[in-house]
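Number of protein chains: 2
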Amino acid sequence: MSLPQKITTKEQVDALLDQYDNFLFDCDGVLWLGDHLLPHVVETLAFLKSKGKKLIFVTNNSTKSRENYLKKFEKFGVKGITKSDIFGSAYATAVYLDKVMKFDHTKKVWVLGGQGVHDELTELGIQSIGGTDPELDKPFSDDSKFLKLDPEVGAVIAGLDTSINYHRLSITLQYLLDPNVIFMATNIDSTFPSHGKILPGAGSIIESAIYSSGRQPTVCGKPNMNLLKAIQAEHNLNLERSIMVGDRLNTDMKFGKDGGLGTLLVLTGIETEANVLKQDGTPKYYADKLGDLYELQK
Amino acid sequence: MSLPQKITTKEQVDALLDQYDNFLFDCDGVLWLGDHLLPHVVETLAFLKSKGKKLIFVTNNSTKSRENYLKKFEKFGVKGITKSDIFGSAYATAVYLDKVMKFDHTKKVWVLGGQGVHDELTELGIQSIGGTDPELDKPFSDDSKFLKLDPEVGAVIAGLDTSINYHRLSITLQYLLDPNVIFMATNIDSTFPSHGKILPGAGSIIESAIYSSGRQPTVCGKPNMNLLKAIQAEHNLNLERSIMVGDRLNTDMKFGKDGGLGTLLVLTGIETEANVLKQDGTPKYYADKLGDLYELQK
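The structure is reproduced here in structure tokens:
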């Protein structure tokens with residue numbers, strides 16, 4: 003039994019910095035909780051940068067594009083982050099489709115998801131339809147213009163869609179009934195915390211499409227290794243010198259472990275210390291909060 | 003290997019009538035296809051009645067109440083059907099909750115589904131909220147009045163809901179997070195045929211609630227035996243003298259077989275003859291169409 007080690011001293015932080023060059027961060031529950039920045043996050047990120055560490059932000063949230071994330075970092079006063087440091091699952095899915103699956107750019111993607119998916123596809127030069135189109139907000143009927151399927155659609159990408167309705171689910175199913183149409187999902191989180199509530203996550207939307215179509219998507223969110231393939235297609239990290247920092251055992255920590263990275267869990271999100279101490283080997287390290295890496299230097 | 007026997011002669015029909023007193027019918031794909039009555043259905047039902055057979059209509063469609071079904075039978079000119087002959091899955095679920103689970107009538111049901119579920123609960127004297135409430139058509143936000151959960155809700159019933167949206171899914175999840183709240187589903191059909199299209203069925207809606215909540219519902223649609231319990235709570239049939247007539251192997255025929263009933267598949271719905279002939283023992287009989295039982299008499 004290898005118990006997770008709690009980071010409580012400067013010496014432990016220094017040892018961590020010696021061991022890892024690349025820090026991969028989950029965002030919500032680690033850097034912030036919704037619109038509330040967690041303590042000493044700005045200082046910790048600046049401190050790691052000053053030590054020459056590479057910072058990459060890896061989030062399963064598919065509703066935001068990297069541009070949206072950049073704005074959020076700016077708003078919180080986090081300096082020196084560039085778009086290439088951010089891997090949202092919408093972007094990761096788009097990169098996977100483009101770089102790993104070599105998607106034909108004369109084809110289009112049907113989106114069951116938010117604006118983030120459209121935006122990231124557009125950046126990679128891939129056309130997308132469906133998704134946020136307001137015509138899809140209308141009730142479904144036999145007259146839906148979308149029932150005339152677009153023969154150029156070669157893939158469906160599904161993610162969290164807070165505008166989900168029967169119209170969107172029905173048209174998504176029509177495309178998935180064609181086995182030649184690729185089926186990808188940004189992530190399969192069942193829920194996510196929001197303002198003290200537990201709300202249905204991307205997986206709860208995608209599961210509906212999985213069940214009606216009888217098909218399984220290629221998943222690009224944590225803990226799936228397809229996400230690591232997408233990251234490596236751009237960054238080519240030395241994984242042994244990389245550590246995943248997150249707040250969830252079943253996504254962040256599993257992702258780190260399966261990918262051969264180090265693992266650091268912070269208790270500012272979804273897990274309790276009691277639960278962390280029941281784990282064998284993963285996470286390798288844990289801390290009350292990310293800000294401790296900075297605070298313990300003082 | 004016991005091959006399904008095709009009904010093609012008057013002698014075979016007569017033998018069937020000798021063997022069974024109670025005929026349980028699926029509706030869509032057997033009696034009609036959407037708004038289109040199938041050939042000689044009116045005559046066949048009248049013929050069976052004239053032979054003293056009991057007719058029960060068992061459908062997984064939860065969006066319609068028994069009143070709605072009565073109107074549909076009337077519209078098609080089918081005479082002599084009463085409400086007690088009709089078992090829609092909305093009614094079956096309400097009966098199961100009431101009679102089998104002894105639901106406390108001072109409690110309420112939260113509905114993720116159509117008007118049929120509300121109507122059938124009302125008939126049994128059970129209050130219901132959610133479902134078709136137009137306030138739920140609004141986009142979900144932290145201000146949703148439904149986030150103030152009703153402490154009187156003791157059960158969630160989920161079924162096909164063509165007004166599904168994130169608001170309904172989110173509130174449904176809030177109730178399901180309480181393990182003391184009963185979780186029931188009208189049926190778990192993944193799809194249903196409509197005007198030449200395959201559309202997402204009740205199961206595709208319910209699966210979203212299953213995945214977000216991590217809970218499994220008590221299911222009252224075919225092929226689940228809870229439906230038979232609900233039917234028997236009202237009709238107390240001699241099952242050996244009963245036969246299930248339907249168009250689907252995985253719902254109608256499985257329901258008949260598991261319940262110890264005879265099975266007759268008609269080819270006017272979803273299955274092909276080639277597929278039926280691959281089956282071992284179930285269905286026991288099959289026919290091109292239900293109307294053949296009448297036509298072969300001539």
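Protein chains in written order, with our numbering: chain L, 3 to 300; chain W, 3 to 300. For glycine and all other residues, C-beta sits at the position ideal for the given N, C-alpha and C.
Which runs of the beta strand (DSSP E) spanning at least 3 residues fall entirely within the stretch 39-73 of chain W, listed in chain order?
56-61
So which residues of chain W does leucine 251 (chain L) contact, with C-beta pairs closer than 7 Å?
Ordered by position in chain W, no residue passes the 7 Å Cβ test against leucine 251 (chain L), which lies about 15 Å from the chain.
Helix, strand or coil: which one does DSSP assign to leucine 35 (chain W)?
strand
Proximal residues of chain L, C-beta to C-beta of phenylalanine 142 (chain W) below 7 Å
When 7 Å is used as the limit between beta carbons, phenylalanine 142 (chain W) is near these residues of chain L: Thr164, in chain order.
Are the stretch 98-113 of chain L and the stretch 152-170 of chain L in contact at 8 Å, needing three or more beta carbon pairs?
yes
Can you round the beta-carbon distance between isoleucine 58 (chain W) and aspartate 87 (chain W) to whole angstroms, since I take them to be within the 8 Å contact cut?
Between the beta-carbon of isoleucine 58 (chain W) and that of aspartate 87 (chain W) there is about 6 Å, and that keeps the pair under the 8 Å contact cut.
In terms of residues, what are the limits of the beta strand (DSSP E) holding phenylalanine 148 (chain W)?
For phenylalanine 148 (chain W), no beta strand (DSSP E) encloses it, and the DSSP letter there is neither H nor E.
Please classify arginine 243 (chain L) as buried or exposed, where buried requires at least 16 other C-beta atoms within 10 Å of its C-beta.
Under this definition arginine 243 (chain L) is an exposed residue.
Exposed unless 16 or more other CB atoms sit within 10 angstroms - verdict on histidine 197 (chain L)
exposed
Close Cβ partners of histidine 107 (chain L) (< 7 Å) along its chain, the five nearest in sequence each way excluded
Closer than 7 Å at the Cβ level, and outside the excluded window around histidine 107 (chain L), lie Gly127, Ile128.
Need the endpoints of the beta strand (DSSP E) that asparagine 24 (chain W) sits in, please.
Under the DSSP assignment, asparagine 24 (chain W) falls in the beta strand (DSSP E) whose first and last residues are 24-27.
Take every Cβ of the stretch 128-148 of chain L, pair it with every Cβ of the stretch 255-271 of chain L, and state whether three or more of those distances are shorter than 8 Å.
No, the stretch 128-148 of chain L does not touch the stretch 255-271 of chain L.
Candidates W:Phe194, W:Leu162, W:Val221, W:Ile233: closest to glutamate 273 (chain W) by CA position
W:Phe194
Contact between the stretch 167-183 of chain W and the stretch 49-63 of chain W: three or more CB pairs below 8 Å?
no
Along chain W, which residues have their Cβ under 8 Å away from the Cβ of histidine 197 (chain L)?
Residues of chain W passing the Cβ test: Asp144.
Does glycine 118 (chain W) come out as helix, strand or coil in the three-state DSSP assignment?
Look at glycine 118 (chain W) here: in three-state DSSP terms it is helix.
Which of the three DSSP states, helix, strand or coil, is assigned to glycine 264 (chain L)?
strand
Roughly how many whole angstroms lie between the Cα atoms of leucine 35 (chain L) and glycine 293 (chain L)?
14 Å
Compile a chain-ordered list of the residues in the stretch 184-195 of chain W whose CB is closer than 7 Å to at least one CB of chain L.
Ser192, Thr193
Could you tell me if proline 202 (chain W) is buried or exposed, where buried requires 16 or more neighbouring beta carbons within 10 angstroms of its beta carbon?
buried
N- and C-terminal bounds of the alpha helix (DSSP H) containing glycine 205 (chain W):
204-215
Output the boundary residues of the beta strand (DSSP E) element that contains threonine 270 (chain W).
From DSSP, threonine 270 (chain W) is part of no beta strand (DSSP E); its letter is neither H nor E.
From this set, L:Leu229, L:Leu263, L:Asn240, L:Ile233, which residue's C-alpha is nearest valine 247 (chain L)'s C-alpha?
Distances from the CA of valine 247 (chain L) to each of L:Leu229, L:Leu263, L:Asn240, L:Ile233 were compared; the closest alpha carbon is that of L:Leu263.
Hey, is leucine 171 (chain L)'s beta-carbon within less than 7 Å of any beta-carbon in chain W?
So yes, leucine 171 (chain L) belongs to the interface.
Assuming the contact rule is C-beta atoms closer than 8 Å, tyrosine 287 (chain L) and leucine 18 (chain L) should be a hit. Round their C-beta distance to whole Å, please.
Indeed, because the Cβ distance is near 7 Å, the residues count as touching under 8 Å.
In chain L, what lies closer than 8 Å to leucine 99 (chain W) by C-beta?
Neighbours of leucine 99 (chain W) on chain L: none; closest Cβ ~24 Å, over 8 Å.
Asparagine 2 (chain L) versus isoleucine 159 (chain W): straight-line alpha-carbon distance, rounded:
Given a span of 3 to 300 for chain L in the structure shown, any question on residue 2 (chain L) remains unanswerable.
Along the chain, where does the alpha helix (DSSP H) containing valine 15 (chain W) start, and where does it finish?
12-21
Take threonine 11 (chain L) and list the residues in its own chain whose beta-carbon comes closer than 8 Å to its own, dropping the five residues that flank it on each side.
Leu298
For the beta strand (DSSP E) that threonine 193 (chain W) lies in, which residues bound it at each end?
193-196
Name the chain W residues that come within less than 8 Å of proline 136 (chain L), Cβ to Cβ?
Within 8 Å Cβ-Cβ: nothing; proline 136 (chain L) doesn't reach chain W, min ~13 Å.
Does serine 64 (chain W) have its Cβ less than 7 Å from a Cβ in chain L?
no
Could you work out which residue in L:Asp37, L:Gly132, L:Cys29, L:Thr265 is closest to glycine 283 (chain L) when comparing CA atoms only?
L:Thr265
Kindly give me the distance between the Cβ atoms of leucine 26 (chain W) and valine 60 (chain W), rounded to whole angstroms, as I take these residues to be in contact under 8 Å.
5 Å
Taking 8 Å as the cut-off, does the stretch 86-104 of chain L touch the stretch 137-154 of chain L (at least 3 CB pairs, one atom from each stretch)?
Because the criterion of three Cβ pairs below 8 Å is not met, the stretch 137-154 of chain L and the stretch 86-104 of chain L do not touch.
Taking the beta strand (DSSP E) that valine 247 (chain L) falls in, what are its first and last residues?
According to the DSSP assignment, valine 247 (chain L) belongs to the beta strand (DSSP E) that extends over 244-248.
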